[in-house]
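Chemist: Per my numbering, the very first residue in the sequence shown carries number 189; after that it's consecutive. Glycine included, every Cβ here is placed at the ideal spot set by N, Cα and C. For reference, the structure I am asking about is given below.
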Amino acid sequence: MSTASNKTTPPWPSLYNPGLEILHIEHHPQTQPGGAYLYHAKGKRNHSSFVKINLLADVFRFTLYWTLVFYTPIFLLCGSYAFWNYAFPPSPRLANPQNGRESYQLSLMNPDGLLVQAVKPPKPHERRSRVTFALIVLLTFLTLSVAGAVIGSAIMGFVTFGLYKAGNFSMSTWIPFLLAVMQVVIGLLSVWPSIVEII
189 MSTASNKTTP PWPSLYNPGL EILHIEHHPQ TQPGGAYLYH AKGKRNHSSF
239 VKINLLADVF RFTLYWTLVF YTPIFLLCGS YAFWNYAFPP SPRLANPQNG
289 RESYQLSLMN PDGLLVQAVK PPKPHERRSR VTFALIVLLT FLTLSVAGAV
339 IGSAIMGFVT FGLYKAGNFS MSTWIPFLLA VMQVVIGLLS VWPSIVEII
């Protein structure tokens, strides 16, 4: 068996037929021909220059890329929804469920029978401030998606690689893919209770 330093890192994504790892594996070596495996958790150092550059670890890099692929679009979708709700709020008209026509909010009357309407003076640059706030909300969603992907990839990638290294197993390139899917599913499941409370 060759050492990990002699083994090269496959290019991302390097997914292959998962049947190589699952079907008919008795009496075969732990690395299957046609499979792609990750061996470096610490990355390699470049000694050719005066400054030592620590490259990203292979396991972390693969897990981060897959997590960004699955995680960021969900946050982008939610952030876009929040952006449109803040930038273009719904009109005050209400749909009347009994006859299907639109109705307007009722005006309050004081005891003398006079209509009392709460008239608010228009704010200067109200539309611009809404769009600015909506952009801040969208950028917050995107920033949190990238931060969550980096933190989750680091934790899940390095812990899983440590388990594989302790067991003297070879980590397939499918493992970071599955870690990213698990992270997204767990994230979506953790949103569910708060959504139920809001509804």
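Would you report the Cα separation of Gly222 and Leu332, rounded to the nearest angstrom?
Modeler: Using only the alpha carbons, I get a separation of about 37 Å.
Chemist: Could you check if Ile324 is buried or exposed, using at least 16 other CB atoms within 10 Å of its CB as the buried criterion?
Modeler: Flag for Ile324 reads exposed.
Chemist: Which whole-angstrom value describes the C-beta separation of Thr219 and Ser378, a residue pair presumed to lie in contact below a C-beta threshold of 8 Å?
Modeler: Going by Cβ atoms, the distance from Thr219 to Ser378 rounds to 36 Å, so no, they are not a contact pair.
Chemist: What does the alpha-carbon distance come out to for the pair Ala275 and Arg249?
Modeler: Each residue's alpha carbon lies about 36 Å from the other.
Chemist: Comparing alpha-carbon positions, which option in Ser317, Lys353, Ala245 and Glu209 lies nearest Pro198?
Modeler: Closest option to Pro198, Cα to Cα, is Ala245.
Chemist: Around the C-beta of Tyr269, are 16 or more other C-beta atoms found within 10 angstroms, so that it is buried, or is it exposed?
Modeler: Burial call: exposed.
Chemist: Classify Leu366 as helix, strand or coil using the three-state DSSP reduction.
Modeler: Residue state, collapsed to three classes: helix.
Chemist: Quick one: residues in its chain with C-beta nearer than 7 Å to the C-beta of Thr196, no 5 flanking neighbours on either side, listed in chain order?
Modeler: Result list for Thr196: empty, nothing under 7 Å.
Chemist: Here's a check: name, in chain order, each residue in its chain whose Cβ is nearer than 6 Å to the Cβ of Leu264, leaving out the five neighbours to either side.
Modeler: For Leu264, where only same-chain residues beyond five positions count, there are no Cβ hits under 6 Å.
Chemist: If we ignore side chains and look at the alpha-carbon of each, how far apart do Ala337 and Pro201 end up?
Modeler: So the alpha carbons of these two residues sit roughly 17 Å apart.
Chemist: Going by the beta-carbon positions, is the gap between Thr251 and Leu330 smaller than 8 Å?
Modeler: In this structure, Leu330 does not lie closer than 8 Å to Thr251 by Cβ.
Chemist: What is the rounded straight-line gap between the Cα of Val319 and the Cα of Pro277?
Modeler: Whole-angstrom Cα-Cα distance: 11 Å.
Chemist: Specify, as a first and last residue, the run of the alpha helix (DSSP H) that Thr197 falls within.
Modeler: Neither: Thr197 is in no alpha helix (DSSP H) and is coded neither H nor E.
Chemist: Check for me: the alpha helix (DSSP H) holding Phe357 runs from which residue to which?
Modeler: Unbroken run through Phe357: none, as it is neither H nor E.
Chemist: For Arg233 and Tyr352, what's the separation of their Cα atoms in angstroms?
Modeler: In this predicted model, Arg233 has a pLDDT of only 49, less than 50, meaning its place in the structure is not dependable enough to derive any value.
Chemist: What would DSSP say about Leu211, mapped onto helix, strand or coil?
Modeler: Residue state, collapsed to three classes: coil.
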